[in-house]
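Residue 186 in UniProt numbering is what sits at position 186 of the sequence shown, and the numbering runs on without skipping anything. Each residue gets a CB set at the ideal place from its N, CA and C atoms; glycine is no exception. For clarity, every value in this text was computed on a predicted model and none was experimentally measured.
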Amino acid sequence: MGEVVVVALDSFKGSLGAAQATAALARGLRRHAARPAVHEHPVADGGEGTVDAAIAAGFTPAGLTVTGPLGQPVAARYAHRGGVAVVELAAASGLPDAPSPATALAASTFGTGELIAAALDAGHRQVVVGLGGSATTDGGTGLLAALGARLLDAAGRELTGRTSALPAVAAIDLTGLHRGLRDAELVVACDVDNPLLGPEGAAAVFGPQKGADEATVATLERALSAWAPLLEAATGVAAADAPGAGAAGGAGFALFTLGARRVPGIELVLRLTGLPERLPRADLVITGEGSLDRQSLRGKAPLGVAAAARLAGVPAYVVAGRSRLTPAEVTAAGFAGAFTLTDLEPDPGRCMAEAVPLLERLGEQLARHVFG
């Protein structure tokens, strides 16, 4: 058998999940005459795909129907192993197909709270919540309601939180919070450091990505500004200015007030899936994602894999649908080289539609480059 290659790709968004992309590249590598031993290890950065990466690494899936961001039922799942549960906010509270100002105002994290509650009900004592890909700017009101908090309007009427309670909430009662929270550790996988409020906050920075126009952003900012002191007073935890409080529309803020600690997403995923332990036995690591750009250099999965490979003394190559980095930037990021689908097919639309065969071809090309 030839050299040992670890393939650790993140998803190619809009085209392939991490496991599909990893498998396609691995097939191409295995066709080389050198017959490398290729190990597939899909990864994620703590956002969408985190649960799939955990399952691929041996975690057990648990499926259930939860409340979607606009109140509709959605099928979701979390992963668990050894008392640790991994929950992905995007699975329950992800962006709708056509975000608008109306959906930006209405979207709720209630379903994410249902996933956390299910993990606690099952007895898991560490719950990892991956933040990213959310449709929501509800300040975490929905997830708190699903965990047993009572949200009340100015007239004392209870708000369900199944669609965003943020604009109307005037008081909160935490006496009914899930008992499992007393003994469980909450961990937030989060790569952004935005506070809850202000020009770098949840509404201003992330609201437009979720369909909010200028007026809606202003409405959300006012509502978050009123909500923050309510929750901080109820919990005794000041978290609005904490790095990551603005993640997932303020879900980070709500989780921090419950005692959650923040860990960089890719760092957490690599530790959960055991990639650092696998690398010392490898001769080569290949990582990648759909688009390689300057955002990739800010804690995204490929950079995290490259850093782990560097610690293990193993060279790392990166593959992508397209790259907007210069060769010098690729080298400075710790990669031995970059290969893209657009090298094989210049049309981005065809790259997305034909990602599987193109990744297989890219695997063959990369193997020829490395093994001759």
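Below 8 angstroms on the Cβ atoms is my guess for residue i versus residue j; work out the distance and round it to an integer in Å.
| i | j | result |
| --- | --- | --- |
| V188 | A260 | 5 angstroms |
| A107 | P167 | Contact flag wrong, Cβ pair sits at about 12 angstroms. |
| P101 | G17 | So it is not a contact: roughly 30 angstroms between Cβ atoms. |
| L362 | L25 | 6 angstroms |
| L366 | I286 | 7 angstroms |
| A56 | V127 | About 20 angstroms separates the two Cβ atoms, so there is no contact after all. |
| S323 | A338 | 5 angstroms |
| R81 | G63 | Incorrect: roughly 16 angstroms between the Cβ atoms, too far for contact. |
| A154 | G113 | With a Cβ gap of about 23 angstroms, A154 and G113 do not count as contacting. |
When you compare only the Cα positions, how much space is there between residue i and residue j?
| i | j | result |
| --- | --- | --- |
| A251 | G372 | 50 angstroms |
| V217 | G249 | 11 angstroms |
| L272 | G156 | 43 angstroms |
| T326 | A332 | 10 angstroms |
| H124 | D283 | 36 angstroms |
| D137 | G198 | The residue asked about is misnamed: residue 137 is Thr in this sequence, not Asp. C-alpha separation (whole angstroms): 14 angstroms. |
| A308 | V169 | 44 angstroms |
| C351 | G28 | 16 angstroms |
| L147 | A92 | 15 angstroms |
| D193 | A247 | 8 angstroms |
| A75 | F206 | 25 angstroms |
| D97 | E3 | 43 angstroms |
| V5 | V370 | 11 angstroms |
| P99 | Q209 | 8 angstroms |
| P73 | A122 | 21 angstroms |
| K300 | Y317 | 15 angstroms |
| L9 | T103 | 32 angstroms |
| H32 | V7 | 15 angstroms |
| A312 | S296 | 21 angstroms |
| E200 | R222 | 14 angstroms |
| A135 | Q20 | 25 angstroms |
| D213 | S164 | 17 angstroms |
| E364 | G71 | 46 angstroms |
| R182 | E232 | 18 angstroms |
| E277 | V305 | 12 angstroms |
| R368 | P42 | 23 angstroms |
Would you kindly check if the distance between the Cβ of residue j and the Cβ of residue i is under 7 angstroms?
| i | j | result |
| --- | --- | --- |
| A203 | L220 | yes |
| L159 | L151 | yes |
| T65 | E40 | no |
| L105 | G180 | no |
| D191 | P264 | yes |
| R310 | G334 | yes |
| V314 | L292 | no |
| G111 | T141 | no |
| L177 | A149 | yes |
| L258 | L186 | yes |
| G288 | V330 | no |
Report buried or exposed for residue i, applying the criterion of at least 16 other Cβ atoms within 10 angstroms of its Cβ.
| i | result |
| --- | --- |
| T175 | exposed |
| A117 | buried |
| P348 | exposed |
| P346 | exposed |
| A171 | exposed |
| S83 | One point to set straight first is that residue 83 is Gly, not Ser, in the sequence displayed. Exposed, by the Cβ-count rule. |
| T109 | buried |
| R328 | According to the sequence provided, residue 328 is Ala. The question's Arg does not apply to it. Exposed, by the Cβ-count rule. |
| R162 | buried |
| R77 | buried |
| G236 | exposed |
| V353 | The amino acid occupying residue 353 in the given sequence is Ala; Val does not appear at that position. So A353 ends up on the exposed side. |
| A215 | exposed |
Can you find the residues in the same chain that come closer than 7 angstroms, C-beta to C-beta, to residue i, ignoring five residues on each side of it along the sequence?
| i | result |
| --- | --- |
| A245 | P195, L196, A239, G252, F253, F256 |
| T50 | A44, V86, E88, G130, A189, V269 |
| M1 | Unreliable placement is indicated for M1, whose pLDDT of 45 sits below 50; the coordinate value is still reported in the next sentence. Closer than 7 angstroms at Cβ, skipping near neighbours: R35, A37. |
| L358 | L341, L344, E345, C351 |
| A234 | I172, L174 |
| R281 | V4 |
Who are the Cβ neighbours of residue i in its own chain at under 6 angstroms, not counting the five residues just before and after it?
| i | result |
| --- | --- |
| G290 | F12, K13, G321 |
| G133 | G47, E48, A90, G94 |
| G139 | L166, L224, W227, G250 |
| A355 | F12, S15, L16 |
| A79 | V51, A54, I55, F59, P61, V86 |
| R262 | V188, C190, G244 |
| R30 | V38 |
| E360 | A24, R27, G28 |
| R294 | none |
What residues in its chain sit with their C-beta under 8 angstroms from that of residue i, if we drop five residues either side in the sequence?
| i | result |
| --- | --- |
| L230 | V169, A170, A171, I172 |
Does residue i come within less than 7 angstroms of chain B when only Cβ atoms are used?
| i | result |
| --- | --- |
| R281 | The structure shown has no chain B; it contains just one protein chain. |
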